[in-house]
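*Asks:* Take any residue in the sequence shown, note its place counting from 1, add 13, and you have its number in this note's numbering. The beta-carbon is built from N, C-alpha and C at its ideal position, and this holds for glycine as well. Before anything else, here's the structure in question.
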Amino acid sequence: MPKVEVFCTPFCPYCTRAKKLLESKNVEYEDIRVDQLPERHDEMIERSKRTSVPQIFIDGYHVGGCDDLFELEAEGTLDARLGL
């Protein structure tokens with residue numbers, strides 16, 4: 014199973030939506046709370062070149078945000094990227 018990282022905050026509806034999609038596929042992910050860990054927020058910005066949450070990475074590949082994750086799902090390529 015690939016390593017999935019979700020940089021998020023608890024009050025973000027897009028974060029919740031993205032995590033629910035991953036959970037519906039029984040995918041384990043690292044829930045990285047950037048509101049509690051400012052150094053991880055800086056890491057997120059450096060890696061993604063974006064400041065908004067969520068930012069999602071699968072085995073180091075930057076998927077993007079919630080809409081990007083759902084786009085992969087609609088294209089039928091998300092399962093393959095997740096090793097399903």
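Leaving out the 5 sequence neighbours to the left and right, which residues in its chain are closer than 7 Å to L35 when beta-carbon positions are compared?
*Replies:* V17 and Y42
*Asks:* So, with DSSP's three-state summary, where would you put E43?
*Replies:* strand
*Asks:* Beta-carbon within less than 8 Å of D44's beta-carbon, same chain only, minus the 5 sequence neighbours each way: which residues are those?
*Replies:* Excluding residues within five positions, the ones whose Cβ falls inside 8 Å are V19, C21 and K32.
*Asks:* With a threshold of 16 other CB atoms inside 10 Å of the CB of S37, please say whether the residue is buried or exposed.
*Replies:* The residue in question, S37, is exposed, as its Cβ has fewer than 16 Cβ neighbours within 10 Å.
*Asks:* Take D72 and list the residues in its own chain whose beta-carbon comes closer than 6 Å to its own, dropping the five residues that flank it on each side.
*Replies:* Within the same chain, D72 has close Cβ partners P15 and K16.
*Asks:* By Cβ distance, which residues of its chain are closer than 8 Å to Y74, with the 5 residues on each side in sequence left out?
*Replies:* R94
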